[in-house]
Ligand SMILES: NC(=O)c1ccc[n+]([C@@H]2O[C@H](COP(=O)([O-])OP(=O)(O)OC[C@H]3O[C@@H](n4cnc5c(N)ncnc54)[C@H](OP(=O)(O)O)[C@@H]3O)[C@@H](O)[C@H]2O)c1
């Protein structure tokens, strides 16, 4: 397989970091993005692959950053084969407590993902030999959880998930594939410190009896990035939450 060049947004921590690790283990060139350069440097130190790793700090919610990120990738590695739209933020709270300003913050991730996907697609079309885009959505888009009220962030995730479905047909002629992973709960810095009780509770909400690991998600991203006959799918990687159609085990209801 030719060396792939992969852009991973939000790659300094959590899922993005694990995704970078899996691609580097598979000999890819990786461009790691995040807003905080010191966090990217810490990640790069741990990943320890300076020849195949490039760090590009910047805020993906700024649409003018998208072409810059692609240009920086081209100047270092000469092409873009895979884009992983991973950067995101999340804060659960009741519907009536979200402000419009907070909703806008989440929707800015939609704007940024739109701009970056456009920039990557333009470059993939110039290259002429296809490409892959993998979005990180969430299973909460399809299965609500009484203990995780999250209407505002879910609106943003639903938008990028729908964009991928729609684009999959439009980009198929160019052999550019676009898919979405819908993770269950994976402890990462996004969730802050989880107490053992909370963790135990979250474990029990997943039919397979545990929360996910970043590597569970990263392996699925790598699969989709290389699955040449797959496009437009929404792949739950969620410990079985989606399997029964009932979603999370909402204990409050059962009690
Ligand atoms: N963990 C879960 O349970 C879970 C479940 C479903 C979906 N997800 C999704 O998975 C993705 C990764 O989350 P995670 O759990 O790995 O969280 P995380 O550890 O907080 O990682 C998110 C990364 O994104 C970066 N980031 C945030 N906003 C950014 C922006 N505007 N521009 C560029 N980088 C940005 C952050 O670094 P800086 O702050 O330095 O920019 C951070 O390194 C998110 O989209 C999240 O919604 C997570």
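Numbering (the working numbering), first residue to last: 51 to 305.
Where is the CB? At the ideal position from N, CA and C, for every residue including glycine.
These numbers were taken from a predicted model, which means no experiment stands behind them.
Between the C-alpha atoms of residue i and residue j, what's the straight-line distance to the nearest angstrom?
i	j	result
residue 147	residue 113	28 Å
residue 84	residue 63	9 Å
residue 208	residue 102	33 Å
residue 223	residue 216	14 Å
residue 100	residue 57	15 Å
residue 94	residue 105	8 Å
residue 212	residue 126	32 Å
residue 178	residue 226	9 Å
residue 251	residue 196	13 Å
residue 91	residue 168	27 Å
residue 201	residue 187	14 Å
residue 253	residue 198	14 Å
residue 79	residue 277	18 Å
residue 52	residue 249	41 Å
Whose CA, out of the options, lies closest to the CA of residue i?
i	options	result
residue 204	58, 141 and 125	141
residue 394	221, 58 and 144	Past the edges of the chain, shown from 51 to 305, lies residue 394, and the structure says nothing about it.
residue 97	108, 77 and 115	77
residue 163	128, 111 and 212	111
residue 194	144, 226 and 161	144
residue 156	129, 210 and 192	210
residue 236	260, 226, 82 and 214	260
residue 55	90, 128, 65 and 88	128
residue 119	138, 65 and 60	60
residue 238	158, 88 and 138	138
residue 66	89, 52 and 191	89
residue 159	192, 206 and 170	206
residue 280	52, 87, 214 and 79	214
Using a Cβ-Cβ cutoff of less than 8 Å, which residues in the same chain neighbour residue i once the five nearest sequence positions on both sides are dropped?
i	result
residue 219	282
residue 68	263, 264, 265, 267 and 268
residue 285	229, 230, 231, 232, 270 and 274
residue 109	85, 115 and 162
residue 294	257
residue 107	83, 84, 85, 86, 87 and 90
With a CB to CB cut of under 7 Å and the five nearest residues on each side skipped, what residues in its chain are close to residue i?
i	result
residue 121	none
residue 175	224
residue 165	113 and 116
residue 8	The requested residue 8 is not part of the displayed model; the chain covers only 51 to 305.
residue 191	204, 207, 208, 211 and 232
Residues in the same chain with beta-carbon distance under 6 Å from residue i, minus the five sequence neighbours each way, listed in chain order, please.
i	result
residue 234	189, 256, 262, 288, 289 and 291
residue 274	184 and 229
residue 123	57, 81 and 130
residue 272	72
Taking 8 Å as the threshold, find out whether the stretch 179-190 comes into contact with the stretch 125-134 through three or more Cβ pairs. At 8 Å Cβ cutoff, the stretches touch.
Three or more C-beta pairs below 8 Å linking the stretch 67-84 and the stretch 256-273: Contact check between the stretch 67-84 and the stretch 256-273: three or more CB pairs, one atom from each, fall below 8 Å, which counts as touching.
Examine the Cβ distances between the stretch 237-253 and the stretch 148-160 and report whether three or more of them are shorter than 8 Å. No, the stretch 237-253 is not in contact with the stretch 148-160.
Continuous beta strand (DSSP E) assignments of at least 3 residues falling wholly in the stretch 96-122: Assignment of beta strand (DSSP E) within the stretch 96-122, counting only whole runs of 3 or more residues, yields 103-107 in chain order.
Which runs of the alpha helix (DSSP H), 4 residues or longer, sit entirely within the stretch 196-244? If you keep only unbroken alpha helix (DSSP H) runs of at least 4 residues inside the stretch 196-244, you get 201-222.
Within the stretch 244-290, note down every full alpha helix (DSSP H) run reaching 4 residues or more, in order along the chain. You should have 246-254 and 264-276.
Whole beta strand (DSSP E) elements within the stretch 58-88, 3-residue minimum: Along the stretch 58-88, the beta strand (DSSP E) occurs as fully enclosed runs of 3 or more residues at 79-84, listed in sequence order.
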